[in-house]
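A short write-up of the structure that comes next.
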Amino acid sequence: MAAPPETAARVVTCPICLDRFPWDETEPLEYDSREGRYKPVEQTEFSNPDVLADVRRLWYIRCPNTSDPDSPNHYLPVGYADYPDPLVIALIGRPRSGKTHLVVAMIRELLNGSAGSGLRAKALDVHQNNTFRRDFLDPFEHGTRLAGTRNDLGTYLQWLVLECGGVKRPLVFFDIAGEDYRNQVYNSRSTRFLVNAGAVLFVEDAAHVLHSAAEQQDLAFDGSLANPLGANATNEYVQEAKNRLRGGGVDLPCAVAVTKSDRLRYVSPADRWLRHDPGGGLSATDLLSETRDVYALFHGNRAADMMELYHHFRRCTMHFVSATGGAVSENTFPAGMRPMRVLAPLLALFAMAGLPVGPDAGLVGR
Ligand SMILES: Nc1nc2c(ncn2[C@@H]2O[C@H](COP(=O)(O)OP(=O)(O)O)[C@@H](O)[C@H]2O)c(=O)[nH]1
Ligand SMILES: [Mg+2]
Ligand SMILES: [Zn+2]
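Add 27 to the 1-based position in the sequence shown for my numbering, that's all there is to it.
Structure below.
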């Protein structure tokens, strides 16, 4: 009998180091939590395919990482090979703008079946998911302020498989210590993922937008600035990250989240949007009017870099959100975490990335 024709191995891109290599899982590894390291899998042959599928969920391969041999070892879940290439979602924003709280609130809703939106997600990287649960989800459930981001490896925060309208699409979320954008050599390891981003989520702090405008006005009154009226609230983190996106990123789906909007909950029109319940659905018309209101807030507060995002990206939506629903006191959120509208920017990004999130999907961000 003739041997089956050799099929060329699928070439994949490592989301961490961006190496491209032919997929090969003939020598899988699994994570040993007692020893804290990845070890060769002892048994890889199973007569029952269901058993194989079950144990295989826990397998990894080591990224061959030939283009940057100095970078630390890192591992990819073998589930990579079962799906199309993942959509890499990159969070961008100044330090302490609320990126980590926001992305954790978003992932939490995706994992919990995101009430009414018809989206479901499960973790693809079981070991990373355990770490994520311990470091982020559990504290979030307990109303504890999340620790600041440290990410020396430049690895992803979560790797999920999203199920949406009969389509399965893997998602990889990258959070970042905002400081990493700056004061580092160009193409630094921890921000390399930006080059491979398939969707970008810019995060800005509501209070920062208002305060910096107030400060500019103070300066204008005491006359200490030569050209106070020309002063703009710049966001160098946004500028620098944008420069790292492939081709400037103009074709990437872009959502801008004004987070900590709980601080605007008595301010019109943010108050209305925070209470807005789209019933899990997605309305391109509503998204456009919310975008207009956020844009007006940026404009009124001279947040020029944030406004410019709308013009830079071909498809862009803007949103009022709150990850926690209220302010922190003594490192805890006494009323518990009550995220507001955190899923809206994600749904918009999914729509702009071509996922079938609803009949309006093709119109979002235009
Ligand atoms: N009021 C309010 N505070 C928030 C919210 N999200 C985050 N914070 C606070 O902002 C601080 C910075 O948040 P973090 O997510 O670590 O910001 P990152 O540095 O951009 O990741 C945290 O200590 C929280 O206390 C929110 O939705 N509302
Ligand atoms: Mg952070
Ligand atoms: Zn790699």
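Just so you know, even glycine gets a beta-carbon here, dropped at the ideal spot from N, CA and C. Note that the structure is a prediction, hence the values are computed from the model and not measured.
In terms of Cβ geometry, Tyr65 and Tyr87 form a close pair [threshold 8 Å].
For Arg160, no alpha helix (DSSP H) segment is defined, and its DSSP state is neither H nor E. Per the coordinates, the alpha-carbon of Gly352 lies some 32 Å from the alpha-carbon of Asn223. Taken from the Cβ of Asp46, at least one heavy atom of ligand 3 lies inside 7 Å. Set against 7 Å, the gap from the CB of His238 to the closest heavy atom of ligand 3 is not smaller.
A distance below 8 Å separates the beta carbons of Ser349 and Asp289.
Pro96 is not bridged by DSSP to any residue.
In the DSSP assignment, Ala371 falls within the unbroken alpha helix (DSSP H) covering 370-379. Thr359 carries a strand assignment under DSSP once its states are collapsed to helix, strand and coil. Going by beta carbons, Val321 and His346 fall inside the 8 Å limit.
For Asn92, the shortest C-beta to heavy atom distance toward ligand 3 is below 7 Å. With a beta-carbon spacing of about 6 Å, His339 and Val277 fall inside the 8 Å limit used to define contacts. Rounded to the nearest whole angstrom, the CA to CA distance from Gly175 to Thr127 is 8 Å. Around Val194, the same chain offers Leu382, Pro383 as residues with beta carbons nearer than 8 Å, after the five sequence neighbours per side are excluded. Proximity of the stretch 329-336 to the stretch 128-137 falls short of the contact definition, fewer than three beta-carbon pairs being nearer than 8 Å.
Your pair Leu370 and Ser141 checks out as a contact, with CB atoms roughly 6 Å apart and the cut at 8 Å.
Spanning the alpha carbons of Leu79 and Asn100 requires a straight line of approximately 26 Å. Counting the other CB atoms within 10 Å of its CB gives Asp232 a total of 16 or more, which places it among the buried residues. Counting C-beta atoms within 10 angstroms of its own C-beta, Trp50 has fewer than 16 neighbours from the protein chains shown and is therefore classed as exposed. For Asp46, the secondary structure class from DSSP, reduced to helix, strand or coil, is coil. Pairing Val115 with Phe220 gives a Cβ-Cβ distance under 8 Å. Counting along the chain, the unbroken alpha helix (DSSP H) around Pro76 starts and ends at 76-83. Excluding sequence positions up to five before and after Cys41, its CB lies within less than 6 Å of the CB of Cys90, all in the same chain and listed in chain order. Counting only residues of its own chain and dropping the five nearest sequence neighbours on each side, Leu85 has a CB closer than 6 Å to the CB of Glu57, Val153. Taking the Cβ atoms as the reference, Val227 lies roughly 7 Å from Leu272, within the contact range of under 8 Å. In this structure, the C-beta of Val355 approaches ligand 1 to less than 7 Å from one of its heavy atoms. For Gly225, same chain residues with a beta-carbon under 6 Å away, outside a window of 5 residues either side, are Leu114, Val115 in chain order. For the set Asn75, Leu138, Phe167, the Cα lying nearest the Cα of Trp186 is the one of Leu138.
A distance criterion of 7 Å places the beta-carbon of Gly306 beyond contact range of ligand 1, judged by its closest non-hydrogen atom.
Under the three-state reduction of DSSP, Ile203 is assigned to coil, being neither helix nor strand. Boundaries around Leu228 are those of the beta strand (DSSP E), 226-232, since no alpha helix (DSSP H) includes it.
In this structure, Gly363 sits away from Met379, with a CB-CB distance that is not shorter than 8 Å. Excluding five sequence positions before and after Phe200, the CB atoms of its chain that fall closer than 7 Å to its own CB belong to Ile116, Val130, Ile134, Tyr183, Leu184, Gln185, given in chain order.
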